[in-house]
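Counting from 1 along the sequence shown, just add 382 to a position and that's the residue number in the numbering used here.
Backbone N, C-alpha and C fix where the C-beta goes; we use that ideal spot for every residue, glycine too.
The model shown is predicted, which means the values in this text are computed figures rather than measured ones.
Structure record follows, encoded as structure tokens.
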Amino acid sequence: MRYLSAVVLTVMIFGDYLLSAESVSAADGARLKLEGKVAFVEGPVWHPSGNVYFSDIPNNRIMRRDRTGAIHVYRTPSGYTNGLCFDLEGRLICCEGGGVPSNRQVTRIEKDGTITVLADSFEGKRVNSPNDCTIDSKGRIYFTDPRYRSRVGLEQFDADGREIEGVYRIDDVGQVARILTHEVERPNGIAISPDEKFLFVTDNKNDGTDGNRKLWRFDLKADGTVEAGSRKLLFDWERDRGPDGMAVDSLGRLYVTAGFNYPDSPEERADKYKAGVYVISQDGQLVHFIPVPTDMISNCAFGDPDLKTLYITAGHRLWSIRNETAGHVEWLRKK
């Protein structure tokens, strides 16, 4: 059975720049036409209006690609957002961080455009740098809180003085619980299975030769906590560039962005795992691979009315690919 039909680089206009590409068969590989470059993109998320929102991290803004393919600035400054998701009411949730000490929080953009800070601290100490987020059927928001590069300004430490790069759950404004402390070395992407039995976290410590580049699965309880001792390794990218963001399809398979086509440094190689989307079962089987010729691949999200288009951010480009299986998008499940 053919798993994928076609991959397309979505037409994007950034000021005077234009990016375009011809449609290509996934089996034929990428044949792209590049007419310009933009800044580093992250955190794509689709809305039924036809808009695709994504972060433009270096330029400190959230962009909006409308149904015609035109690109607009949606919010600036954005707090150097990274991951984005919608809550059950269709309000945009933003992980603000990017390593910028003055913007370390999770915010919500209300329907009238005002900004609500959902979480900026835990037990009186500022969070590190919120990276990615997801929600469950009860409307609870889960986010990862790593710190890449500079350690200046870190406030989250355990009783022994060890740095905590944790995973948190937001139950309401200012109501934050830590659900993972040291179980993941450097949490990045996060997702929940459609039946809400599992929490998935990507572990990507890419600033050394001995860090984790792994995908973990945890048993998720009905109260939003994680079952102690339930951690299961699903996939290991070894010494190549590890996993970043991910999406989930309606069958519960994970679409994980990872890999390099060209080595970035001695710490992040391109020996075995090339850049692309790794489709992995809940038991850790690699069932498919979607190659993407652009470094650095960063995140993905399902969209379009049938939820069968996977939007992918990689380096300076936004891509899309049609998929035979629809995605699982919690806030759209009952709409």
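Residue i versus residue j - alpha carbon distance
i    : j    : result
L615 : R447 : 36 Å
A403 : D601 : Confidence in A403 is poor, its pLDDT being 32 and thus under 50, which makes the residue's placement unreliable; the coordinate value appears in the next sentence. Spanning the two alpha carbons is a distance of roughly 41 Å.
E492 : H564 : 33 Å
E380 : C467 : With the chain covering 383 to 717 only, the question about residue 380 has no answer from this structure.
H454 : S612 : 43 Å
K690 : V638 : 16 Å
G411 : G658 : Only weak support exists for where G411 lies, its pLDDT of 42 falling under 50; the value from the coordinates is given anyway. One C-alpha to the other measures close to 11 Å.
Y456 : I444 : 5 Å
N681 : R715 : 21 Å
A421 : C477 : 18 Å
A629 : R531 : 25 Å
Q667 : G697 : 27 Å
R651 : A541 : 35 Å
P687 : I672 : 22 Å
G593 : P569 : 12 Å
Q557 : G495 : 22 Å
T434 : T516 : Looking at the sequence itself, residue 434 is Val, so the reference to Thr does not match. Each residue's Cα considered, the two are about 17 Å apart.
F504 : P440 : 27 Å
P430 : G543 : 46 Å
L500 : V583 : 21 Å
V423 : G506 : 32 Å
W599 : L581 : The sequence shown places Arg at residue 599, not Trp. Each residue's Cα considered, the two are about 6 Å apart.
R384 : I694 : Legend: pLDDT at R384 = 32, less than 50; position of this residue unreliable, no value from coordinates given.
Proximity below 8 Å, CB of residue i to CB of residue j
i    : j    : result
L470 : W701 : no
I572 : T526 : yes
D514 : G627 : yes
G425 : S437 : yes
S511 : R533 : no
D518 : I475 : no
R490 : E537 : no
Y644 : D665 : no
G479 : R473 : no
A683 : V427 : yes
L692 : I703 : yes
V566 : T498 : no
R449 : G465 : no
Cβ-based neighbour list, residue i, same chain, cut-off 7 Å, excluding 5 preceding and 5 following
i    : result
N442 : T458, P459, S460, Y462
S632 : P576, T707, A708, G709, H710
K603 : E609
A409 : In this predicted model, A409 has a pLDDT of only 30, less than 50, meaning its place in the structure is not dependable; the value taken from the coordinates is given anyway. Closer than 7 Å at the Cβ level, and outside the excluded window around A409, lies no residue.
K654 : E620, D622
Beta bridge counterpart(s) of residue i as assigned by DSSP
i    : result
R699 : A696
F600 : L581
Q664 : Answer by DSSP bridge pairing: none, since Q664 is not bridged.
S437 : E424, I444
Sequence-distant residues of the same chain with beta carbon closer than 6 Å to residue i, five excluded per side
i    : result
G669 : Looking at the sequence shown, residue 669 is not Gly but Val. Hits under 6 Å: V661, S663.
R551 : R522, Y524, A559, I561, G606
G548 : D527, R560, L562, T563
R635 : V661, S663
D502 : Q487
N705 : K690, L692
Neighbourhood of residue i by C-beta distance below 8 Å, restricted to the same chain and skipping five residues each side
i    : result
R595 : D585, N586, K587, N588, D618, W619, E620, R621, D622, R623, G624, P625, A640
E545 : R529, R533, L536, Q538, F539
P648 : T591
D553 : R522, A559, G606
K579 : D601, L602
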